[in-house]
Structure formats: C-alpha cells, structure tokens
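Heads up: the sequence shown runs through residues 168 to 412, numbered per this note's numbering.
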Amino acid sequence: MPIPEGPTLRELAVQALSSTMRGYDLLAPKFDLTPYRTPDRVLDAVADAVRPLGPFDRGLDVCCGTGAGVGVLRELCRERVTGVDFSAGMLGVARSAHTGPSAPAQGPAVDWVRADARALPFTPAFDLALSFGAFGHFLPEERPTLFDQVYASLRPGGVFVFPVGAPPAVGSRAYWSLLGFDVAMRVRNALWHPRFIMYYRTFPLAGVVDDLVRTGFEVRLLPLEALGRRPDGSPRARLVVAARG
Ligand SMILES: C[S@@+](CC[C@H](N)C(=O)[O-])C[C@H]1O[C@@H](n2cnc3c(N)ncnc32)[C@H](O)[C@@H]1O
C-alpha cells in the first residue's frame, strides 16, 4: 500500500533498477516515510537491552542510513557517535536530521563517514557498534569480511550488537512473501545490471553466529522481550551480542 508522501511506484521501480548504492541515493529524501526505516519500537527494544552492557564512550552505526541507529547510540554513548554508510544521499538526510540546526544540542559529538562497510576506514576506536536493517544487502560470502571490518573497528572488550527476527513459520503468508521477494530479486539480478543486492533469507542466525565466532567474537543471544514471543514461546527477535576478546 503506497504511503501518500512516500515514494511513488514509479520512483520505487527506478530505484529497484539501480545499484544498491544509487538506489539508496534516490530513495534517501523519502526513506523515513517507508517501512524500510527501522521502527522506533525495535530501536527502543535494542536500546533497553544494550544499556545494561554499558557504559560506552564511542559508538558506531554500521550502514546508518538516515541515522536510526545513531539515535540509539546518542542515548548510550558518552563521547562520540559515528554513522557510516556508502550512500551520500542517505548520509545527507542523516546529517540534517541529527546534526542540523533543529538537532538537539546536548549529548555526544556526532560525525558521518561515507565508506563501504566491507572496507571500514577506522582504527580500533569504538566500544559499541550496532547495525539495523542492512544485512540483506550483503551476500553470505561477504559476511566474514563485514564482520572482520567491524571487529577491527572495536577496542578490545567492545561489542557489536544487532537484532535478528525469528524466521516466519514455513508455509505462513510471511514465509511465502519473503521467499517470493528473494526469488524476484534473484531473477532481477540475473537479468539486469547493476545489481541491487537485497535478500531477506540470506542471514540465518546459526550461520551468522558461526561466522562471528570464526571472526574471533564471543557471542551470546538475548531475547528482545519487548518485541514479544511467538505462539510456541520462542522470542520474536533476539539481540546478537558479539564481544571482541
Ligand atoms: C534499509 S537501509 C537501513 C538504514 C538504517 N540502518 C535503518 O535501520 O533505518 C540500508 C542501508 O545500508 C546501506 N548499505 C548497504 N550496503 C552497504 C555497504 N556495503 N556499505 C555501507 N552501507 C551500505 C544503504 O546505503 C542503506 O543506507
């Protein structure tokens, strides 16, 4: 269902035929009106689960987009918060929302860095890194590089956290719609270049934990109780907490 002020179907089609980076540059001005921006209830649930793991001085939002995770980091970090993304358009919107004239004057310093998350330009400076809503843009074979890059950006003892939703029950409506989306994207990417990498089913919790452990992280999982439980009693979403030793 299109949102009145959100992107039109034509705009979404043009974006979907662009590269991942260019697609986000085009979507940026209307991104916060789409369902792709991480909802506040997820941000709040993560902030509440991460707060007891602190205090934190320096935070990094990986694939920050318009800065949803930067808002969380501003609550949790005392010194400095950095958002990194490869889309100049998304960073432009983030900058004006979080560091423009109407932004809150208080809190940690915020800066924005344009870089590919597969080649982060940081020294081990952060004690908290997080990421929301972006892992579908990485192919499974790119995960080890991505995790290596985050690991190398963390101080010893620093943590990398992100939420992972439980997969929909096999055969449910959500199951078929995510499967249908991924199949459509595979067909699109086989037929059309540049590719737009976005898949919903390429980030399974078990494989992700294995890759994090291979990178050197110590991993634990916390249920995000604020997001509820499924009929079988399992959490709807978990927080992955990956600590650099
Ligand atoms: C769905 S948006 C999520 C934005 C934000 N984190 C949120 O939760 O609202 C995905 C973001 O990932 C960024 N992105 C995708 N691949 C990237 C890469 N390889 N390096 C840096 N940023 C990337 C896109 O530019 C986009 O801003």
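Heads up, the beta-carbon is just placed ideally off N, CA and C, and yes, glycines get one too. Treat the numbers as computed from the prediction; the structure is a model and nothing was measured.
Distance, residue j Cα to residue i Cα
i: residue 281; j: residue 230; result: 10 Å
i: residue 313; j: residue 306; result: 10 Å
i: residue 227; j: residue 251; result: 7 Å
i: residue 333; j: residue 403; result: 5 Å
i: residue 285; j: residue 310; result: 9 Å
i: residue 212; j: residue 201; result: 20 Å
i: residue 168; j: residue 195; result: Confidence in residue 168 is poor, its pLDDT being 48 and thus under 50, which makes the residue's placement too unreliable to answer from.
i: residue 391; j: residue 352; result: 30 Å
i: residue 247; j: residue 292; result: 10 Å
i: residue 245; j: residue 359; result: 45 Å
i: residue 380; j: residue 268; result: 42 Å
i: residue 185; j: residue 356; result: 11 Å
i: residue 290; j: residue 249; result: 13 Å
i: residue 183; j: residue 324; result: 39 Å
i: residue 349; j: residue 272; result: 42 Å
i: residue 320; j: residue 173; result: 35 Å
i: residue 374; j: residue 198; result: 30 Å
Host alpha helix (DSSP H) of residue i (start-end)
i: residue 134; result: Nothing about residue 134 can be reported from this structure: the residues present for the chain run from 168 to 412 only.
i: residue 386; result: From DSSP, residue 386 is part of no alpha helix (DSSP H) but of the beta strand (DSSP E) over 384-390.
i: residue 415; result: Nothing about residue 415 can be reported from this structure: the residues present for the chain run from 168 to 412 only.
i: residue 191; result: 187-194
Whole-Å CB distance - residue i paired with residue j, under 8 Å assumed
i: residue 238; j: residue 220; result: At roughly 18 Å, the Cβ-Cβ gap does not stay under 8 Å, so residue 238 and residue 220 are not in contact.
i: residue 317; j: residue 296; result: 5 Å
i: residue 274; j: residue 241; result: 5 Å
i: residue 256; j: residue 176; result: No, residue 256 and residue 176 are not in contact; Cβ-Cβ is about 20 Å, not under 8 Å.
i: residue 218; j: residue 243; result: 6 Å
i: residue 191; j: residue 254; result: 4 Å
i: residue 328; j: residue 258; result: Contact doesn't hold; Cβ gap of about 22 Å is too wide.
i: residue 364; j: residue 205; result: With 8 Å as the limit, residue 364 and residue 205 do not qualify as a contact, their Cβ atoms being about 19 Å apart.
i: residue 265; j: residue 234; result: 5 Å
i: residue 408; j: residue 387; result: 5 Å
i: residue 411; j: residue 384; result: 6 Å
Heavy atom of ligand 1 within 6 Å of residue i beta-carbon
i: residue 205; result: yes
i: residue 302; result: no
i: residue 253; result: yes
i: residue 365; result: no
i: residue 257; result: yes
i: residue 244; result: no
i: residue 211; result: no
i: residue 299; result: yes
i: residue 272; result: no
i: residue 191; result: yes
i: residue 238; result: no
i: residue 278; result: no
i: residue 378; result: no
i: residue 319; result: no
i: residue 315; result: no
i: residue 109; result: Within the shown structure, residues of the chain are numbered from 168 to 412, placing residue 109 beyond reach of any answer.
i: residue 232; result: yes
Assigned secondary structure, residue i (DSSP; H/G/I helix, E/B strand, else coil)
i: residue 347; result: helix
i: residue 177; result: helix
i: residue 261; result: helix
i: residue 296; result: strand
i: residue 168; result: Caution applies to residue 168, whose pLDDT of 48 falls short of 50 and renders its modelled position unreliable; the value that the coordinates give is listed next. DSSP places residue 168 in coil when its eight states are reduced to three.
i: residue 405; result: strand
i: residue 354; result: helix
i: residue 291; result: coil
i: residue 337; result: coil
i: residue 411; result: strand
i: residue 361; result: coil
N-terminal and C-terminal residue of the beta strand (DSSP E) that residue i is part of
i: residue 226; result: 223-229
i: residue 369; result: No beta strand (DSSP E) contains residue 369, which DSSP labels as neither H nor E.
i: residue 249; result: 244-252
i: residue 212; result: From DSSP, residue 212 is part of no beta strand (DSSP E) but of the alpha helix (DSSP H) over 207-217.
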